[in-house]
Every structure is written in C-alpha cells, then in structure tokens.
DNA sequence: GAGGGGTGTTCAGGGTTTGTTCATATTGCG
DNA sequence: CGCAATATGAACAAACCCTGAACACCCCTC
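Protein chains in written order, with our numbering: chain L, 12 to 244; chain E, 12 to 244.
This is how it looks when you write it as structure tokens:
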C-alpha cells in the first residue's frame, strides 16, 4: 500500500481518451495537485485501492466498467469524492449520478479552468474529513491543518470551515498580498465570476475578531489598501 | 527584444478579422490591459517571442497556422495562458478532444465584457501561482513586489498603491529617463482618458518624501529637466 | 418535519485613505 | 531678465474599506 505522504492533494483522472487525461492532468499539476491516470473502470478501482487519491474525476462513458458502476463499486468501501464527466447536457442524468454518490458533475465540453475550480470546491467541501495539509506555527498562533484547530495565545479557537481555509491560505504565503478576487478564486474556488468580493471582506473581519489581539488595529491580517490582504507572521 | 516593462498586463489578440481584433483590443485597453495584435498564427508566434505577453486570446480558425498548431508550438516553450475563440459550439468538442492546452475558451459570438472577465479570471489564477513579481534591492532600498513592501535604510515604509507602482516601474529600469506621458501610459494605463501630467509630478514628490534621505536634494529619483524622471540605483 | 444554532453571503451607510486638481512659488535655461 | 518647466501646499473628489445588520441556507436536534 502506497501512502500518499505528499502535502499536495492527489487526483485520479479516469477517461478512455488519452488526450483528455493528459491535458486535464497537466492542468491540475500546474494547479498544485498530484495526479494519477486510469484508462477504464477496472484500472480506476485498482488505482483507488493502491493510491488512495483525495478525489476522482470520472468519465461516465468508459470501456469495461462505466462510470456509474465505478461509483457504485467505490461506495461500498470509501467515501472518496467523485466528479463526473458527462458528454452532453441531454445525457446528464444528474439525479442518477448524484444519487449514486457523485459530488459534482461537469458537462463536456468544459474548460480545464472550470474543472480545476470544481475540484477545489469539492475538496473544500469534503475537507472536514480528510486532510493532508500542513501545520503552521507562528508566534502565539498555531494552525493545525490536520485537526483544523487554531490556537491563539494558547487558547483554542473555534473556526468555521471557510474562515479556516482563508486563514490557512493567507498564512501559507506569509507577507504575500492577495487581492479579494484572488482569494475568491483560490479559497472559494467555484463559479467566482459573479460573486461579490465583499464576501472576502466579511470573512476577513470575522477572522480578525478571532485571531487579532486588538481587532481595531489588525496586525496579523493586514489591509493593503487597494490591493488586498496580507498575513504577517 | 522589446521588454515588456509595463506594470499593466499585456494581452496578445490573434484573429484574422481586423474588426474582431479592433473591438477586443479597444475593450481590453479600456479595462487597463496593454494589447498587441496578430493577424495569423505565424505573426502570433513571432509576437510571443518578441513581446512576451501575459496572456493570449487566440482564434481557432487562422490562415497559415491554425490555433491548435499555435498552442502546440507555444507549449514547447512556454506556459503562457491561452483563451481560445471558437466560431461554433461544435468546434468546442475539438477543443476538448485535441488541444486542451488552452486555459479557457469563448464561443463566438461573445461580448467583449465576457471576454474581459475571462481574461481577468485566468490572469488572477496564473498570477497567484507564478510569482512573476520581482524583487529589487539597492543600497539601502529594498522593493518587494510580492508583498508590496518597501524598506528604506532598514525601516519599513508604508506605500500607497500608486506610489508603489510608480517606484517599481522606475526602479525596474534604473538610469532610464521616462517622460511624464510615458509614466502615465505605463503606470497609470489608458483606463482614464487624457490625464494631467502633473499627477505624475505630485506622486513623484510624495515618493521622494518617503524614500529620499534628503527630500530637498533628491538622489534616488532625479529630475531630468525637460525630459522627465530617472531612478538612480 | 419543525425549530434552532451556526455558517456563508449580501447590502447600504459612514468614515477613511488615496488620487487628482489647482493656484502659486520656485527652479533651471536661454 | 523672461520664459518654461517643475515643486509645493492645500483642497477637493473618488475609490476603497469597515461596520452592522439582515437574509438564505445547511445541518442538527428534538
């Protein structure tokens, strides 16, 4: 059994077209995921048993064992998140797919960008149970990615998922400035084109109330006027 | 080799129809991008080699060298983001099947607004992962493009967005003289029409107050009478 | 199912920082 | 000395951020 010790999330891409696998994997690689490939349903199940990916991108139309059968089989053993690829809108039996336990579906043709966004989104949702994330420790602030606990000045602080993800993301690149749009893209991840950047503002405020010594004079999460926010270690 | 020193993101628009190029470029210009145009695949590759754009908007149907071939060629050397323009929905299937080396695609007819949104979205993402922002260090002056911090003689100095951009631009090309109009063009961008060159003067003054040892005898940012300003390393 | 707490999102108002303009003083050049 | 370019200071306008509260939603308990 190969343990996935990497900090990066791993994604298994299952499609019978080599070009699709290749392109999707290349893109996800660039996005910071580690990727595996499988050409059909049987190979997919074998790979899941062996590598334990954090998420599976699964084409519905597959030789040997189709996507629905793969999900059914998977669900006997694991709760690994699945994103379905379906060829055309008309063929989408979303009810069937989702009832079988898929977490999301993407209709072909899709843009790799959109798929990556869905992957991030689904991983975020299912984050609560599995994590291979890192632990960060600063002066008076400890962020435990494994247990999703935050400890401020020795006190354990309750942290909702979104706020934790935001804090984690900022703290992962100390001092770097992120715009609201970037944070929406990177932390929220899905369909962010029409979302309100002020969502970020509000979450930052709540975050500050929890981890700042003086909420009126933010020190850890600094505002960079006109540009975004920055975590100060 | 022309260096793209502008702080604005540059976009190369490739389409054989002059009207499309014109409309798209005009809109992107107004949105704060600097734009280049290419009429066919060969011209596109030449432009990429010469200008190194931050993103490429690429029509699939092109004379001489079609969009797919251009991407294939591009990917041998660079990871520059590409947004494909496709004339018909059916062609999108080919995009998926053949050349998903693109980061996104837009189906004609499209609204310039939508295209601009995609451009921004793709750039946000790629900008977040690649640290293309530079760091500059001089004697007693450190400019960190990633964190947007300036450190003068060891002291961290708060720097408003515009002043930082201006300093960054000047310091990126030490000794080179820039006229006020050039700076307006490159740092401010053509987003706001017909600006007052004195805006530059004021920002230079404030900049000097922050980074000069003696504000009355400017050393780092020198005035070149009748010509403009120059950064001295 | 029906409440209830917790979470994520949106919105409008107010305050602050920043960007720009303008009038005036100063500097550099012929 | 005259003219043009640049510097200065202050005031205005715009952009931006924070606050507070309300709404929608999900999950959990009962």
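For each residue, glycine too, the CB sits at the ideal point set by N, CA and C.
As the structure is a prediction and not an experimental result, all values here were calculated from the model.
Item: Interface partners of residue 32 of chain L on chain E, CB under 8 Å; Value: Within chain E, no residue comes near residue 32 of chain L; the closest Cβ sits about 10 Å away, beyond 8 Å.
Item: Proximity below 8 Å, CB of residue 222 of chain E to CB of residue 168 of chain E; Value: yes
Item: Counterpart residues of residue 68 of chain L in DSSP-defined beta bridges; Value: L:24 and L:94
Item: Backbone secondary structure at residue 32 of chain E - three-state DSSP; Value: helix
Item: As assigned by DSSP and simplified to three states, the class of residue 224 of chain E; Value: coil
Item: Exposure label - residue 242 of chain L; buried when at least 16 CB within 10 Å; Value: buried
Item: Residues of its chain near residue 155 of chain E, where Cβ-Cβ distance is below 7 Å and the 5 sequence neighbours each way are ignored; Value: 146
Item: Complete runs of the alpha helix (DSSP H) confined to the region 172 to 211 of chain L [at least 4 residues]; Value: 172 to 183 and 191 to 194
Item: Beta-bridge pairing of residue 117 of chain L - partner residues as DSSP gives them; Value: L:96
Item: Chain L residues whose Cβ lies nearer than 9 Å to that of residue 171 of chain E; Value: 236 and 237
Item: Beta-carbon neighbours of residue 159 of chain E, restricted to chain L and to distances below 7 Å; Value: 188, 235 and 238
Item: CB contact flag (residue 65 of chain E, residue 25 of chain E, <8 Å); Value: no
Item: Cβ contact check for the region 75 to 82 of chain E and the region 118 to 128 of chain E: 3 or more pairs under 8 Å; Value: no
Item: Proximal chain E residues relative to residue 131 of chain L, where beta-carbon distance stays under 8 Å; Value: Per Cβ cutoff of 8 Å: no residues; residue 131 of chain L is ~11 Å from chain E at best.
Item: Validate contact between the region 170 to 180 of chain L and the region 211 to 228 of chain L using beta carbons, cut 8 Å, 3 pairs; Value: yes
Item: C-beta atoms of residue 34 of chain E and residue 120 of chain E nearer than 8 Å; Value: no
Item: As assigned by DSSP and simplified to three states, the class of residue 151 of chain L; Value: coil
Item: Close beta carbons around residue 186 of chain L, own chain, < 8 Å, minus the five adjacent residues each side; Value: 241, 242, 243 and 244
Item: Neighbourhood of residue 162 of chain L by C-beta distance below 6 Å, restricted to the same chain and skipping five residues each side; Value: 153
Item: Supposed close pair residue 93 of chain L, residue 82 of chain L - CB separation, criterion 8 Å; Value: 6 Å
Item: Partners in chain E for residue 241 of chain L, counting only beta-carbon separations shorter than 7 Å; Value: 158
Item: Contacts of residue 207 of chain L in chain E (Cβ-Cβ under 7 Å); Value: In chain order: nothing, as chain E lies at least about 14 Å away.
Item: Which of helix, strand or coil DSSP assigns to residue 162 of chain L; Value: strand
Item: For residue 47 of chain L and residue 58 of chain L, believed in contact at Cβ under 8 Å, the rounded distance; Value: 5 Å
Item: Environment of residue 193 of chain L [buried if 16+ CB atoms lie within 10 Å]; Value: buried
Item: Per-residue burial, residue 230 of chain E [other beta carbons within 10 Å of its own, 16 or more giving buried]; Value: exposed
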